[in-house]
Amino acid sequence: HIGDEWCIYPTYDFTHCVQDALEDIDFSICTLEFETRRESYYWLLHHLNLFKPMVYEMSRLNISYVVLSKRKLLKLINTGFFHGWDDPRMPTISGLRRRGYTASALNRFCEDIGVTRNENLIEYDRLQEIFRQDIDDTAKRCMAVLRPIKVTFTNFDDATVPKSREVADFPQKPEGESPTHTVNLTPTVYIDAADFRTEDDKEYYGLAPGKWVGLRYGPCIKCEEVKTSADGEVLEIVATLANLPPDEKRPKGNIQWSPENGVTFEARLYDHLFLVPQVDDAIWEQQLNYESEVIITTAMVDPSILGADGKLPAAQTHFQFERIGVFVVDYDTDVEGGKLVMNRTAQLKASKPKSVEAPQKSAAEQEKDEKRKAEQRRQTELKKAMGNLDPKELFKQGEHVGKYSKYDDDGIPTHDAAGEALAKSAIKKLKKDMAKQVKTYTNAQKKK
């Protein structure tokens, strides 16, 4: 910014150490890829006769299905894949906050994983589990349906079934210690499309034509008729109510529902950013999950989500939707205008019961599955190939071809392609890579 008034333009190797020394930094902490810079770091400070901070290197934090490179993240913003630095899929503080992660959960996550010099890949599920534990006592439970199907009861007025029930906001607490809300049964309710199918079988516990199923916190219902559109889409289910089916046994299946006065909201469902746990830098854009954000504008939730004044909850308020996951109110919510937007922070730990069939996957979802399986096969083949590679040949193949001209007896490079001797720090790093390959090769040979 000062143009030709200064003839020296310092690089990172100059500015890093000098700035640390001038600011009296006691401990300069960086990631392992800068370990090779330690020699030049101290060399310059020695010749300038400046204070020498203690330098420590640690491994990078790598999280499955995530990239932390600012260059890659910026490209995803510029290309329109992300909506900004606070996109809920972003591994930024603002993005994680908007997704719904709490400060206490992030602090616990950092304490849990610690700091190490070993290469690592932290499972994303680990963060979600810590978050679920952190939010368990503060996220009010309620029922919601993501893809509503209308259910009309033909005998609502005549049925002698409970029409309302008090339900605990936090059912995990001892009886009597949790606040409650009222669930009201109405002549028309809405169930989730994932809990209905037109053909039944003995392994399925959801609703189907001619079958009984239990409503969560409510009576039992039987599907009498299904109304569909010209293209076969289910528009409405006509059903009857009863406390119990004729056999006097409550069905095993119990599904969530929303009354007809439920609150419509926009559900933003977030999933892994990439199709594979460990992203390949060479093809990372091909591994993007284009279904990592799915927006449903017609979801419904029980009106107990509203405040005592009947208004929508404020941004950053958490709720746990039974059998679906933990959601947080997004900043795009318009409390005065009546628009509710909610982000799914985490799915529930327990998988859905086998009785509930997931909706048929779309072509995009099927393609995503195929890409994931193909990448898994590639990773398996690569691991197998590395297991058969003699460690002494490690630096003579693949990406290393043409980089080195001389090697020691163990196959570790000692000179670069131009014949110049490698620095001790560079050789030290190569030895670490060699040690990993020796371990991989040895283990693979033992299994043969």
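Numbering-wise, our numbering comes out as the position in the sequence shown, counting from 1, plus 78. Cβ atoms here follow ideal geometry from the backbone N, Cα and C, with glycine treated the same way. Note that the structure is predicted; figures quoted are calculated from it, not measured.
The beta strand (DSSP E) runs of length 3 or more contained entirely in the region 183–227 are, from start to end of the chain, 218–220. The C-alpha of A386 lies about 58 Å from the C-alpha of C95. Listed in chain order, the alpha helix (DSSP H) elements of length 4 or more contained wholly in the region 105–171 are 116–126, 148–156. Annotated as distal: Y143 and V133, with beta-carbon spacing of 8 Å or more.
Residue environment: A181 is assigned as exposed (fewer than 16 neighbouring CB atoms within 10 Å of its CB, all protein chains considered). Following the DSSP letters along the chain, one finds H259 inside the beta strand (DSSP E) bounded by residues 258–262. One thing to note: G340 has its Cβ within 8 Å of the Cβ of M378. The DSSP-derived three-state label of D91 is helix. Its chain contains I208, F209, D212 as the residues whose beta carbon lies nearer than 6 Å to that of A183, once the 5 sequence neighbours on both sides are disregarded; these appear in chain order. Here W335 is actually not in contact with V245; their C-beta atoms are around 12 Å apart, not less than 8 Å. Inter-segment contact for the region 350–370 and the region 389–403 is absent: fewer than three beta-carbon pairs are separated by less than 8 Å. The DSSP-derived three-state label of K280 is coil. Just so you know, the alpha carbons of L347 and I373 end up roughly 6 Å apart.
Residue pairing for V291: DSSP places it in a beta bridge opposite I299. In the structure shown, E498 falls within a coil segment according to DSSP collapsed to helix, strand and coil. For D270, the enclosing beta strand (DSSP E) starts and ends at 266–270. Excluding sequence positions up to five before and after P257, its CB lies within less than 7 Å of the CB of D247, all in the same chain and listed in chain order. Listed as beta-bridge partners of P337 by DSSP are V267. The DSSP assignment places 482–485 as complete runs of the beta strand (DSSP E) inside the region 445–493, in order along the chain (cut-off: 3 residues). The three-state secondary structure of G403, taken from DSSP, is strand. S382 counts as buried, since at least 16 other C-beta atoms from the protein chains shown sit within 10 angstroms of its C-beta.
Around the beta-carbon of Q515, 16 or more other beta-carbon atoms lie within 10 Å, marking it buried. Taking the C-beta atoms as reference points, L353 is found nearer than 8 Å to E453. About 5 Å separates the beta carbon of I490 from that of L508, a gap short enough to meet the 8 Å contact definition. Under the three-state reduction of DSSP output, I373 falls in the strand class. Nearest to L128 by alpha-carbon distance, out of L146, D98, I141, is D98. Assignment of beta-bridge partners to S242 by DSSP yields N262. In this structure, T411 is the residue among G403, D380, T411, V404 with its C-alpha nearest to the C-alpha of P391.
Close CB contacts of N196 within its chain, under the 8 Å cut and outside five residues either way in sequence, are with S137 (chain order). The DSSP-derived three-state label of Q398 is strand. In the three-state DSSP reduction, A513 falls in the helix class (H, G or I). Exclusion of the five residues before and after T276 leaves A286, P287, V304, V312 as the residues of its chain whose Cβ lies within less than 8 Å of its Cβ. From the listed residues C188, I269, K150, the smallest Cα separation to R204 is found for C188. Per DSSP, reduced to three states, the secondary structure at T411 is coil, with no helix or strand assignment.
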